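Number of protein chains: 2
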Amino acid sequence: MNILILHAHIEPDSFCSSLKNLAFEHFTANGDTVEISDLYQMGFNPVASRSDFKSVAQEKPFNYLKEQIFAFQNNSFSDEITTEMQKFVRADLLLLNFPLWWSSVPAIMKGWLDKVLALGFSYHPRDKKYETAPFRGKKALCTITAGGSSAAYTSEGENGDIMESLFHLHHGTLYYCGLDVLPPFITWRTHLTDEETLKGYLNDYKIYLENIDFNNKLY
Amino acid sequence: MNILILHAHIEPDSFCSSLKNLAFEHFTANGDTVEISDLYQMGFNPVASRSDFKSVAQEKPFNYLKEQIFAFQNNSFSDEITTEMQKFVRADLLLLNFPLWWSSVPAIMKGWLDKVLALGFSYHPRDKKYETAPFRGKKALCTITAGGSSAAYTSEGENGDIMESLFHLHHGTLYYCGLDVLPPFITWRTHLTDEETLKGYLNDYKIYLENIDFNNKLY
């Protein structure tokens, strides 16, 4: 398998980064090929703008979505975006590794989704989405370090069911692009737990990765 | 009332920008004070990083959330973030005006939420959130241009209920910070509609704004 890990943490020595490292080691030892887009390390610019295109169809009024279609048809995305698209094309599994910020991905990762999963390339709202998306059948998986407790993220908890918080990402983004969405791996109260608990999470993640059932999907 | 409009569209001549303009005109004519953070026009940098702080408590390992608390206690956020925080403090109503990208806000606006609604300042997961948040009672409202149809965004539609897609923003972000969340104003298939329909949407928005019931809240 080819795996693309998107990673969005500023600190290489963070627990979130150690989960990224563990996934890299696991899949590599398994004989898989792993690429990592370490967005902070790359200095990835998440702001969708004119500079995402080598040429544009229409400067004024500027329509970002129309420019995405034009760039897809004319192979004129910026080199940075083209490189990320190529990684995505090669990947059988897209693994998003991030800390949960405001019930979603950090801005730097949101920008990757906004810019790389471009209209025309990964979907078209008319006829290329969900079951008919171009990359139908690729897998996706979110590995998340959350600040809240697991109890807080249930339907009875103050934050509501974590799956409802992640619906926009799992269903509205990944499944929209045709990806099979696997159940997420989540660590809870990550910033508050002691070393022993964090070691336990790493062990849980190892077991999780060793036992992934690619047929067991949310969507 | 003091109103802060967060606006996230690259093109001043877009329909999304015209909704921002209409809200500005409506509230100004109403005698309210309106400030606008036009994130593209400001060149807002959405990436949470070391440069968000004038000094840091600990360079290595770098912990962004701990630095937010430190900066709040020491008044050492960057000038850009401090300015946005001051606008937010002044506002009775926070109006988020944006195109729906991947069932959420564009990255440039996500970065505003990540960086300005900082730990310590607008919430603390231990004891300052939801009903006990520091800014409890401010209002929030999302004005959204969506690409899909309203039928697609129902529980029977292919995208699911729009309120489930927006849960992470309405509940997981705005209400978490103690804000009263008003029902969103949404335009559908915005990029595909003709001039007449867009004019109709502007008229609908005018009526919506004229009839806002600040006691009718989602959360």
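Protein chains in written order, with my numbering: chain A, 6 to 224; chain B, 6 to 224.
Glycine included, each C-beta is placed from N, C-alpha and C at the ideal position.
This structure is a prediction, so every number in the text was calculated from the model and none was measured.
Using DSSP with H/G/I as helix, E/B as strand and the rest coil, what is residue i?
i: residue 94/A; result: helix
i: residue 163/A; result: coil
i: residue 129/A; result: strand
i: residue 4/A; result: Since the first residue shown for chain A is 6 and the last is 224, residue 4/A is missing from the structure and cannot be characterised.
i: residue 57/B; result: helix
i: residue 84/A; result: helix
i: residue 43/B; result: strand
i: residue 145/A; result: strand
i: residue 208/A; result: helix
i: residue 119/B; result: helix
i: residue 191/B; result: strand
i: residue 33/A; result: helix
i: residue 75/A; result: helix
i: residue 108/B; result: coil
i: residue 178/A; result: helix
i: residue 26/B; result: helix
i: residue 20/A; result: helix
i: residue 184/B; result: coil
i: residue 223/B; result: coil
i: residue 137/A; result: helix
i: residue 103/B; result: strand
i: residue 202/A; result: helix
i: residue 70/B; result: helix
i: residue 124/B; result: strand
Leaving out five residues on either side along the sequence, give the residues of the same chain with a beta carbon under 6 angstroms from the beta carbon of residue i.
i: residue 123/A; result: 73
i: residue 138/B; result: 128, 182 and 183
i: residue 125/B; result: 73, 74 and 77
i: residue 94/B; result: none
i: residue 133/A; result: 139
i: residue 185/A; result: 144 and 222
i: residue 105/A; result: 149 and 151
i: residue 70/B; result: 124
i: residue 21/A; result: 14, 104 and 150
i: residue 179/A; result: 145 and 186
Please tell me whether residue i has its Cβ less than 8 angstroms away from any Cβ of chain A.
i: residue 57/B; result: no
i: residue 15/B; result: yes
i: residue 130/B; result: yes
i: residue 119/B; result: yes
i: residue 173/B; result: yes
Output needed for residue i: all residues of its chain with C-beta closer than 8 angstroms, excluding positions within five of it in sequence on either side, in chain order.
i: residue 67/A; result: 55 and 61
i: residue 37/B; result: 6, 7 and 8
i: residue 40/A; result: 7, 8, 9, 10, 92, 95 and 96
i: residue 207/A; result: 23, 24 and 27
i: residue 212/A; result: none
When you compare the CB of residue i with every CB in chain B, is at least one pair closer than 8 angstroms?
i: residue 198/A; result: no
i: residue 116/A; result: yes
i: residue 68/A; result: yes
i: residue 108/A; result: yes
i: residue 152/A; result: yes
Write down the C-beta distance between residue i and residue j rounded to the nearest angstrom, noting that I regard them as a contact closer than 8 angstroms.
i: residue 3/A; j: residue 28/A; result: Nothing can be reported for residue 3/A: it is not among the residues displayed for chain A, which extend from 6 to 224.
i: residue 148/A; j: residue 24/A; result: 6 angstroms
i: residue 118/A; j: residue 146/A; result: The pair is not a contact, with the Cβ atoms about 15 angstroms apart (cut-off 8 angstroms).
i: residue 177/B; j: residue 170/A; result: 5 angstroms
i: residue 59/B; j: residue 42/B; result: Their Cβ separation, rounded to whole angstroms, is 21 angstroms, which puts residue 59/B and residue 42/B out of contact at 8 angstroms.
i: residue 120/B; j: residue 115/A; result: Actually they are not in contact, since the Cβ atoms of residue 120/B and residue 115/A sit about 13 angstroms apart, beyond 8 angstroms.
i: residue 172/B; j: residue 32/A; result: In fact, because the Cβ distance is near 32 angstroms, the residues do not count as touching under 8 angstroms.
i: residue 191/B; j: residue 217/B; result: About 15 angstroms; that fails the 8 angstroms criterion.
i: residue 135/B; j: residue 163/A; result: 6 angstroms
i: residue 194/B; j: residue 165/B; result: In fact, because the Cβ distance is near 17 angstroms, the residues do not count as touching under 8 angstroms.
i: residue 175/A; j: residue 224/A; result: 6 angstroms
i: residue 109/B; j: residue 109/A; result: 6 angstroms
Output yes if chain E places a C-beta closer than 8 angstroms to the C-beta of residue i; else output no.
i: residue 208/A; result: Checking the listed chains, one finds no chain E in this structure; the protein chains it contains are A and B.
Could you list which residues in chain A have their beta carbon closer than 7 angstroms to that of residue i, in chain order?
i: residue 52/B; result: 51, 112 and 113
Within the same chain, show all residues whose beta-carbon is closer than 7 angstroms to that of residue i, passing over the 5 residues directly before and after it, in chain order.
i: residue 113/A; result: 13, 44, 45, 49 and 51
Can you list the residues of chain A that residue i reaches, using a CB-CB cut of under 8 angstroms?
i: residue 18/B; result: 65 and 66
List, in chain order, every chain B residue whose beta-carbon is nearer than 8 angstroms to that of residue i.
i: residue 177/A; result: 107, 108, 109, 164, 165 and 170
i: residue 185/A; result: The contacting residues do not exist; residue 185/A stays about 17 angstroms from chain B at best.
i: residue 135/A; result: 163
Residues of chain A with a CB under 9 angstroms from the CB of residue i: which are they?
i: residue 205/B; result: Under the 9 angstroms cutoff, chain A gives no residues; its nearest Cβ is about 20 angstroms from residue 205/B.
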